[in-house]
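The next block holds one structure in the form of structure tokens; read it before the comments.
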Amino acid sequence: MSPAAYLDRHADDLTGLLRRLVTLPTVNPPGVQYDDITALLTRELRALGLIARRYTLSKAELRRHLPPEQRGYPRYNVLGQLAVRGAKKTVHFNA
78 MSPAAYLDRH ADDLTGLLRR LVTLPTVNPP GVQYDDITAL LTRELRALGL
128 IARRYTLSKA ELRRHLPPEQ RGYPRYNVLG QLAVRGAKKT VHFNA
């Protein structure tokens, strides 16, 4: 199926996901509700059949990279992996 056909076929689902994502006020700074949005993204990736992991940045990383007023807000990275046998290319999205 082409990407355009997939988008047409799943427009309602994708719009619903977008609606859920934008209703979470992940205001940065300071970084509120990152727990909620990364948990949602992890669930959605798994529902699509991806291997999904959520990593919590350590307090040492927060101290190293964030100003003091933002260190009380945990930060996460979500990694989704789609295992495709024989795939020769990888696409990486970071948002």
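Per this note's numbering, the very first residue in the sequence shown carries number 78; after that it's consecutive. Where a beta carbon is used, it is the ideal one built from N, C-alpha and C, also for glycine.
DSSP places Gly157 outside any alpha helix (DSSP H); the residue lies instead in the beta strand (DSSP E), whose first and last residues are Tyr153 to Gln158. Annotated as proximal: Arg131 and Val155, with beta-carbon spacing under 8 Å. If you look at Ala116, you'll find it isn't in any beta strand (DSSP E); it sits in the alpha helix (DSSP H) that goes Tyr111 to Ala124. In the structure shown, the three-state DSSP call for Arg141 is helix.
When the beta-carbon positions are compared, Ala129 and Gly93 stay at least 8 Å from each other. For Thr167, the number of other beta carbons within 10 angstroms of its own is below 16, and it is reported as exposed.
Counting of Cβ neighbours within 10 angstroms places Arg120 among the exposed residues, the total staying below 16.
In the same chain as Ala160, and ignoring 5 residues on each side of it, the C-beta atoms closer than 8 Å to its own belong to Ile128, in chain order.
When Asn105, Ala82, Pro80 and Leu118 are compared, the shortest CA-CA separation from Arg97 is found for Leu118. An exposed status is given to Thr100, since fewer than 16 other beta-carbon atoms sit within 10 Å of its beta-carbon.
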